[in-house]
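Before any comments, here is the structure.
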Amino acid sequence: EAQVTQNPRYLITVTGKKLTVTCSQNMNHEYMSWYRQDPGLGLRQIYYSMNVEVTDKGDVPEGYKVSRKEKRNFPLILESPSPNQTSLYFCATAGAASSYNEQFFGPGTRLTVL
Amino acid sequence: AQSVTQPDIHITVSEGASLELRCNYSYGATPYLFWYVQSPGQGLQLLLKYFSGDTLVQGIKGFEAEFKRSQSSFNLRKPSVHWSDAAEYFCAVSSGGSYIPTFGRGTSLIVHP
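So the protein sequences, as listed, match chains A and B. Quick note: to get this note's numbering, add 61 to the position in the first sequence (first position is 1). Quick note: to get this note's numbering, add 221 to the position in the second sequence (first position is 1).
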């Protein structure tokens, strides 16, 4: 079954404690992306990756890092989380078969930073 | 730069009534247009998409959308809403060359029994 998985699904942490949210896909998609969703703001892109070792900033990259060492994984790293990073995070992927235009989303990670 | 406007933050309909969710976009060339649905506690699922051709596109769950170039719109419709349609709906636009979509802020659909 084609899927995008995220872990953890829920996380409560404290300011400054480094954390990583993992994203994995089994569709061999080249394109992977991270979004955050906040009430009234819709989805905003944080970072995206067109392939292994190729990453680029989205609209709201400050305070986040990513890496793409393997095609299937695209972890989101918060080196020093702050309360304004409390949000719902989604990983999404897309492949060449749809010219990268159709995105498949993970189930989301709800992060609370105290 | 491309942009998407969903003018309605909330829409309330009765079960069995028809539905239309509005989406307007701003983009110079022919856009690629999408509607996604987000059920409570879930990720986003693609409902339908328009790339070219017939301007009336059919999607899953009985939804359809019509691309109107003259109005820069891509409104989502359903003739008879079911309680299970209660969700957040997102319109998105991308170009053929840039596969990075821009999402609207979403419309929350509330369905009354």
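For every residue, glycine included, the Cβ atom is placed at its ideal position computed from N, Cα and C.
(message) Using CA atoms only, rank isn't needed, just tell me which of A:153, A:175, A:174 is closest to residue 93 of chain A.
(response) Out of A:153, A:175, A:174, A:153 has the C-alpha closest to the C-alpha of residue 93 of chain A.
(request) Check whether the Cβ of residue 228 of chain B lies closer than 9 Å to any Cβ atom in chain A. (result) Taking CB atoms only, residue 228 of chain B has no neighbour in chain A less than 9 Å away.
(request) Could you work out which residues of chain A lie near residue 280 of chain B, taking near to mean beta carbons separated by less than 8 Å? (result) For residue 280 of chain B, no chain A residue has a C-beta closer than 8 Å to its own C-beta; the minimum C-beta separation is roughly 12 Å.
(request) Would you check if the distance between the CB atom of residue 130 of chain A and the CB atom of residue 114 of chain A is smaller than 9 Å? (result) Cβ distance < 9 Å, so residue 130 of chain A and residue 114 of chain A count as in contact.
(request) Taking only the alpha-carbon atoms, compute the straight-line gap between residue 228 of chain B and residue 328 of chain B and give it to the nearest angstrom. (result) In this structure, the CA atom of residue 228 of chain B is about 8 Å from the CA atom of residue 328 of chain B.
(request) Determine the DSSP secondary structure at residue 326 of chain B, reduced to helix, strand or coil. (result) Three-state result, residue 326 of chain B: coil.
(request) Would you tell me roughly how many angstroms separate the C-alpha atoms of residue 252 of chain B and residue 142 of chain A, rounded to the nearest one? (result) In this structure, the CA atom of residue 252 of chain B is about 36 Å from the CA atom of residue 142 of chain A.
(request) Measure the alpha-carbon distance for residue 140 of chain A versus residue 150 of chain A and round it to whole angstroms. (result) Whole-angstrom Cα-Cα distance: 16 Å.
(message) Am I right that residue 166 of chain A and residue 268 of chain B are in contact with their C-beta atoms under 8 Å? What's the rounded C-beta distance?
(response) Contact flag wrong, Cβ pair sits at about 13 Å.
(message) I'd like the list of long-range same chain contacts for residue 237 of chain B, defined as Cβ closer than 6 Å, with 5 residues on each side in sequence excluded.
(response) These residues qualify, in order along the chain: 301.
(request) Measure from the alpha carbon of residue 234 of chain B to the alpha carbon of each residue in B:225, B:303, B:316, B:312, then state which is nearest. (result) The shortest C-alpha separation from residue 234 of chain B is found at B:303.
(request) Can you tell me the Cβ-Cβ gap for residue 272 of chain B and residue 286 of chain B, rounded? I've got them flagged as a contact below 8 Å. (result) Going by Cβ atoms, the distance from residue 272 of chain B to residue 286 of chain B rounds to 12 Å, so no, they are not a contact pair.
(request) Tell me, please, which residues DSSP counts as bridged to residue 99 of chain A. (result) The partner list for residue 99 of chain A (beta bridge, DSSP) reads A:103.
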